[in-house]
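Peer 1: Below you'll find the structure I mean.
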Amino acid sequence: MAQFIVTLRLPASFSREFMVLIPRHRAFINQLLEQNVIESYAISADRTRGWVTMNGVDAAAIRAVVEQFPLYRFLQGIEIDELFIFDSKTTRFPAISLN
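Mind the numbering: the sequence shown is residues 0 to 98 in numbering that gives the first Met the number 0, read in order.
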């Protein structure tokens, strides 16, 4: 299974319709995190962009999942890039504690 980084461009302002969907969107993201479909999820401090690291067979499979995001119809742009390397502290073995 390959890993992908999905870059999301959010709308400049959030309508009431957008805001009402946020809890449903977060619940869906949490479900995908638990299923190991999503490895990481981040939104910029200015709330204009987001980055989602995802596991999938190919870019088409990743796009199919992203299209299920409750906020999908509000996104201004989506880029999907396959990763060659994805390394993070959370993917490493825990530090040994000798108590």
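Just so it is clear, CB atoms sit at the ideal spot from N, CA and C, and this is done for glycine as well.
Output the distance between the C-alpha atoms of Phe-68 and Phe-27, rounded to the nearest integer angstrom.
Peer 2: On the sequence shown, residue 68 is found 69 positions in, with the first residue counted as 1. On the sequence shown, residue 27 is found 28 positions in, with the first residue counted as 1. One C-alpha to the other measures close to 7 Å.
Peer 1: Note down the Cα distance separating Asp-45 from Asn-29, rounded to an integer number of angstroms.
Peer 2: Walking along the sequence shown from the start, residue 45 turns up at place 46. Walking along the sequence shown from the start, residue 29 turns up at place 30. Cα to Cα, the separation comes out at about 22 Å.
Peer 1: Answer with buried or exposed for Met-0, where buried requires no fewer than 16 other C-beta atoms within 10 angstroms of its C-beta.
Peer 2: Taking the first residue of the sequence shown as 1, we reach residue 0 at position 1. Exposed, since its Cβ has fewer than 16 Cβ neighbours within 10 Å.
Peer 1: Can you tell me whether Leu-9 sits near the ligand SAH, meaning its C-beta is under 6 Å from at least one heavy atom of the ligand?
Peer 2: In terms of ligand content, the structure shown is empty, and the ligand SAH therefore cannot be addressed.
Peer 1: First and last residue of the beta strand (DSSP E) that includes Gln-2?
Peer 2: Locating residue 2 in the sequence shown gives position 3, where the first residue counts as 1. Here the beta strand (DSSP E) through Gln-2 covers 1 to 8.
Peer 1: For the putative contact between Val-5 and Ile-61, defined by C-beta atoms under 8 Å, what is the C-beta separation to the nearest angstrom?
Peer 2: The residue labelled residue 5 in the question sits at position 6 within the sequence shown. The residue labelled residue 61 in the question sits at position 62 within the sequence shown. Indeed they touch by this definition, with Cβ atoms about 6 Å apart.
Peer 1: Specify the secondary structure class of Glu-66 as computed by DSSP and reduced to three states.
Peer 2: Within the sequence shown, residue 66 is the residue found at index 67, counting from 1. Reduced to three states, the DSSP call for Glu-66 is coil.
Peer 1: Under DSSP, the alpha helix (DSSP H) around Ile-28 begins and ends at which residues?
Peer 2: As a position in the sequence shown, residue 28 is number 29, starting the count at 1. Looking at the DSSP string, the run of the alpha helix (DSSP H) that includes Ile-28 is 15 to 33.
Peer 1: Can you give me the start and stop residues for the beta strand (DSSP E) that Ile-77 sits inside?
Peer 2: Position 78 of the sequence shown holds residue 77. It spans 76 to 81 - the beta strand (DSSP E) in which Ile-77 sits, taken as one unbroken run.
Peer 1: Check each candidate in Asn-35, Glu-38, Thr-52 and Glu-78 and name the one with the smallest Cα separation from Leu-9.
Peer 2: Here residue 9 is taken as the residue at index 10 of the sequence shown, counted from 1. Closest option to Leu-9, Cα to Cα, is Glu-78.
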